[in-house]
Structure formats: structure tokens, C-alpha cells
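Q: Just dropping this structure here.
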Amino acid sequence: MKACRMCKKIVEEGETCPACGSDDLSDRHSGLLIVLDPEKSEIGKISDVKSAGRYAVKVR
Ligand SMILES: [Zn+2]
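Quick note, the numbering used here runs 104 ahead of the 1-based positions in the sequence shown.
Following this line, the structure appears as C-alpha cells:
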């Protein structure tokens, strides 16, 4: 499982991020953030999360 370096989205399969289209993926990430509703989520305000889904907390 990889995470996008640009938006931290967890990428389940494939080599490009479905959220932002970046192919800059890393398998060195930690933490898991599940965003159900980025509009209402506190996390959505802190991080630059624009769509629901699973995100890594840290991506190296
Ligand atoms: Zn991305």
C-alpha cells in the first residue's frame, strides 16, 4: 500500500493517485486517517484534505 506525497491519499492499487493524479507515491508512510466528510471534519480543516477517503498521517 502506498501513499501520495502530494496529498497523502492512500493509494490502494495502481501507480497514480486517484485524488490528484500524481505518480509521486511512497511506501514509506505512517499513520492512517479516515476522512468521511472533509467539509465537517476537523482534520479536513487542518490538513489539505478535499475528498473522503483514507490518508496517511506522515509520508516520507
Ligand atoms: Zn494525491
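The C-beta atom is built at its ideal place from N, Cα and C for all residues, glycine as well. Just so it is clear, the structure is predicted and the values come from calculations on it, not from any experiment.
State the Cα-Cα distance for the pair D131 and D141, rounded to the nearest angstrom.
A: 25 Å
Q: Taking the beta strand (DSSP E) that L137 falls in, what are its first and last residues?
A: Taken as a continuous stretch (DSSP letters only), the beta strand (DSSP E) holding L137 covers L137 to V139.
Q: Could you tell me whether any non-hydrogen atom of ligand 1 is closer than 7 Å to the CB of M105?
A: For ligand 1, not one heavy atom lies less than 7 Å from the Cβ of M105.
Q: Measuring from each Cβ to the nearest heavy atom of ligand 1, keep the ones under 5 Å and list them in chain order.
A: Ordered along the chain, residues surrounding ligand 1 are C108, M110, C111, K113, C121, A123, C124 and S126 [Cβ under 5 Å from any heavy atom].
Q: Following the continuous beta strand (DSSP E) through A107, name the residue where it begins and the one where it ends.
A: K106 to C108
Q: For E143, I'd like the list of residues in its chain whose CB is within less than 8 Å of its CB, leaving aside the five on either flank, ordered along the chain.
A: none
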